[in-house]
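Chains as they are written, first to last, in our numbering: chain W, 371 to 742; chain S, 371 to 742.
I have placed the structure first, in the form of structure tokens, so that the comments after it can refer back to it.
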DNA sequence: GCTAGCACTCGTTCCCGCCGAGTGCTAACG
DNA sequence: CGTTAGCACTCGGCGGGAACGAGTGCTAGC
């Protein structure tokens, strides 16, 4: 049903091939890689799986002890040496086992990962949680973040859906104080915004309602630009309201202020690779959306999940992470981004299937709510 | 202008007096404490200040080197011994300096802390930030959390204001889909809620507007109970809407679902006392409002700042923390809670003044927005 | 082509001794 | 009588060294 191969690569080549690799020939530069033998593939798969699970470098002896490979440690060593030369593994120290390189993970994701559909237990659990609540689109975002973090077991990031060209569907004015009103607007995509506006003169609910009634049919279905044009002709209060509507609509598609929800930080704070260092740094990374600002430009518009592993990440701050992202929404009309971030040694299979599933779910929700 | 003494104590006595104290006589149990001499007070003040700043136990020699006390280390040692016997200090190890006890902090907060007004630089900075934004009351909450965390330099917690008995001021219905509508209601206190409601039959904006217009004057100013009574007489759609209004109003004052915003976790993650251990535990503590659930029952309704130090905290999870809290809002009508949480060795002066200032600011905002 | 054996590397852990900061006590001093 | 100087003692932290174990590359034999 779902094609496991349909996972696109973040960046086509490692931007800095000379980074880690020990003294040996790093290969993979000019010459085409010889295809891996079936046994090498099996060993690579085992190493990735084991390292993902334990986080400790895996050695030849341990491998043969824990798994029923048919050969001796020495043979494994030979094959490992080959894999290392080809760039799929690296040894962090002279002794102490080997660890997959970014390229190794990449190969695993492309060729070795088995079925990538989310287990139906999880699917049911997720659908159940989403059925519990009956709220607005933008609260789905929060729920999506928390469910995604829980399902994938790492940190999730979700942006609210953003319409390409928002069109006004409806608005209301509510008096709060004689000179203070609440402006509520709804777009075609069912996004809702409330803004407080300081009213230039004393007013009351009745006159505000009259004003809204009079204007609403005039501006229904218009974009910010069209409303601006309309505003130039209007008189005092009407003109004022139109200006506010225009500004709020423009705010909706402003890239800069996209808010990024995250969840599940506690999932990775305990991991050994982030233990000693910078719990602070991690928090900072996800706060304030500095995170997405870095990744977003690289994100293709394609409907499928994209994977960035280690050095493939555009931003320096993300070099130590693996990132699995997808867009969601209705093509060309309203889109958002969701995904997960974890250590490079994350369970890519589960991450990818979780992200893909959640993206579908959110796309369906957005589609349901946006009126043509 | 502000009375530094007007800080009430969280819990009257330490619930577990035998906890830390070494073998010596723990005193402070039955006999009234002899008042501290002026020199002891000065030394205690120095120790608290120094420990708050550095986080390392402070010894007699270091004290005399870093501060121009007029006496020798030996004298300091004698006084320290007295302070330890009286329960204000404790020595974590045989050597290595002394550390204030909860009681020591308490004495400091009550009798040794100097001026507690927030420096006007900060006051100006805060007012400035609040003037920048023009949003709804509930977004003030988020801003308050972040400003408070920044000003006090530790973790802040802020709950949204909650009306004692919410009364409806206005509501609107907006059609999203033929069978899906958005219900927006505003209370007298200017709290806004949006709920999506699944409509029992196909409808459109026009009929929804008519319905809302007809009903709104009927229910203006009513409480949930009064609306429920009114609903019993209504017919189909009206009755349905009244039911939704009632439910949403009830949700507003439900204690259980009070949402707690926090900010500034990164400020304390770096501290030595939380370094090794449980970044995870810390996150968990503040997520999901489990935190306030524990403290809230203990919180007096008094208008002033309350301080809980270490063991004075009602919840076990907070035994390692100092907590400074205040209510804010309009007495008896709409109230929220805000405060900061940090290690017991926090800068109480700054925390208390920050919390007090922010509580005033938020109270003013709430008062401005709530129509009599 | 696979495997057993072997010498070697290197990170980890534990132990031990040193150092420094701090303490309590006692005796001397003004 | 309060204050101070001196002293023996305690204890945590740090650094070096030994023992250990996991892993490696290489070579020779099956």
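All C-beta atoms in this analysis are idealised placements derived from N, C-alpha and C, irrespective of residue type, glycine included.
By how many angstroms is the C-alpha of residue 477/S removed from the C-alpha of residue 397/S? Unreliable placement is indicated for residue 397/S, whose pLDDT of 37 sits below 50; the coordinate value is still reported in the next sentence. So the alpha carbons of these two residues sit roughly 16 angstroms apart.
Mind checking whether residue 542/S and residue 542/W have CB atoms under 8 angstroms apart? Using a Cβ distance threshold of 8 angstroms, residue 542/S and residue 542/W count as a contacting pair.
Between the beta-carbon of residue 710/W and the beta-carbon of residue 524/W, is there less than 8 angstroms? In this structure, residue 524/W lies closer than 8 angstroms to residue 710/W by Cβ.
As a quick exercise: from 425/S, 463/S, 468/S, pick the residue whose alpha carbon is nearest that of residue 446/S. Checking every option, the nearest Cα to that of residue 446/S belongs to 468/S.
DSSP beta-bridge partners of residue 533/W: As a beta-bridge residue in DSSP terms, residue 533/W pairs with 704/W.
Are the CB atoms of residue 486/W and residue 722/W within a distance shorter than 8 angstroms? Contact: yes.
Quick check: the Cα distance between residue 501/S and residue 696/S, rounded to an integer number of angstroms? For the pair residue 501/S and residue 696/S, the Cα-to-Cα distance works out to about 23 angstroms.
Mark residue 407/S as exposed unless 16 or more other C-beta atoms lie within 10 angstroms of its C-beta, in which case mark it buried. Counting other Cβ atoms within 10 Å of its Cβ, residue 407/S stays below 16 and is therefore classed as exposed.
Could you tell me how far apart the beta carbons of residue 518/W and residue 733/W are, in whole angstroms, since I believe they sit closer than 8 angstroms? At roughly 14 angstroms, the Cβ-Cβ gap does not stay under 8 angstroms, so residue 518/W and residue 733/W are not in contact.
Any heavy atom of the ligand SAH closer than 7 angstroms to the CB of residue 560/S? As for the ligand SAH, it is missing from this structure, which has no ligand bound.
Could you check whether the stretch 538-554 of chain S touches the stretch 601-620 of chain S, counting it as contact only if at least three pairs of C-beta atoms, one from each stretch, sit closer than 8 angstroms? Cβ pair count under 8 angstroms is three or more, so yes.
Any chance the stretch 561-568 of chain S sits against the stretch 576-589 of chain S, with 3 or more Cβ pairs inside 8 angstroms? The stretch 561-568 of chain S, when compared against the stretch 576-589 of chain S, does not touch it at the 8 angstroms Cβ threshold.
Could you work out which residues of chain S lie near residue 540/W, taking near to mean beta carbons separated by less than 8 angstroms? Correct list: 544, 545, 575.
Helix, strand or coil at residue 722/W [DSSP, three-state]: The answer is helix: DSSP assigns residue 722/W an H, G or I state.
Tell me the rounded alpha-carbon separation between residue 598/W and residue 572/W. One Cα belongs to residue 598/W, the other to residue 572/W, and the distance between them is close to 25 angstroms.
Grouping DSSP H, G and I as helix and E and B as strand, with all else coil, what is residue 398/S? Legend: pLDDT at residue 398/S = 39, less than 50; position of this residue unreliable, no value from coordinates given.
Pick out whichever of 460/S, 426/S, 419/S has its Cα sitting closest to the Cα of residue 641/S. Nearest of 460/S, 426/S, 419/S to residue 641/S, Cα basis: 426/S.
Taking the alpha carbon of residue 620/W as the point to measure from, which residue in 548/W, 601/W, 684/W, 534/W has its own alpha carbon closest? Closest option to residue 620/W, Cα to Cα, is 534/W.
Where does residue 539/W fall in DSSP's three states? The answer is strand: DSSP assigns residue 539/W an E or B state.
Helix, strand or coil for residue 392/W? Go by DSSP, reduced to three states. For residue 392/W, the pLDDT reaches just 30, beneath the cut-off of 50, and the residue's location in the model is therefore unreliable, although a value from the coordinates is still provided. Residue 392/W falls in the coil class under three-state DSSP.
Would you call residue 448/S buried or exposed, if buried means 16 or more other Cβ atoms sit within 10 Å of its Cβ? Burial call: exposed.
Check whether chain W comes within 8 angstroms of residue 450/S, counting only Cβ atoms and requiring the distance to be less than that. False, the Cβ-Cβ gap to chain W never drops below 8 angstroms.
Separation of residue 596/S from residue 603/S, as counted between CA atoms: Between residue 603/S and residue 596/S, the C-alpha separation is close to 12 angstroms.
Inter-residue spacing [alpha-carbon to alpha-carbon] between residue 729/W and residue 657/S: Their backbone Cα atoms lie some 25 angstroms apart in a straight line.
Collapsed DSSP secondary structure at residue 570/S in the structure displayed: DSSP places residue 570/S in the coil class of the three-state scheme, outside both helix and strand.
If we count the other Cβ atoms within 10 Å of its Cβ and call it buried at 16 or more, is residue 436/S buried or exposed? Result: exposed.
Could you tell me the alpha carbon to alpha carbon distance between residue 480/S and residue 561/S, rounded to whole angstroms? Their backbone Cα atoms lie some 37 angstroms apart in a straight line.
Which value, in whole angstroms, describes the spacing of the CA atoms of residue 585/W and residue 495/W? Distance between the alpha carbons of residue 585/W and residue 495/W: 45 angstroms.
Return the residues of the stretch 631-643 of chain W that lie within a Cβ-Cβ distance of less than 7 angstroms from chain S, sorted by chain order. Against chain S - using a Cβ distance shorter than 7 angstroms - the residues of the stretch 631-643 of chain W are 635, 636, 639, 640.
Of all the residues that make up the stretch 555-579 of chain W, which are near chain S by a beta-carbon distance shorter than 9 angstroms? Cβ contacts with chain S: 556, 560, 562, 564, 565, 566, 567, 568, 575, 579.
For chain W, find out if any of its Cβ atoms is closer than 8 angstroms to the Cβ of residue 623/S; answer yes or no. No - not a single Cβ of chain W is within 8 angstroms of the one on residue 623/S.
Of all the CB atoms in chain S, is at least one closer than 8 angstroms to the CB of residue 416/W? No, residue 416/W lies away from the interface with chain S (no Cβ there is under 8 angstroms from its Cβ).
Residue closest to residue 466/W, alpha-carbon to alpha-carbon, out of 526/W, 432/W, 472/W: Shortest Cα-Cα distance from residue 466/W to any of 526/W, 432/W, 472/W involves 432/W.
Are the beta-carbon atoms belonging to residue 665/S and residue 694/S less than 8 angstroms from one another? It is not a contact, given that the beta carbons lie outside the stated cut-off.
Secondary structure at residue 679/S, three-state DSSP: helix, strand or coil? It is a strand residue.
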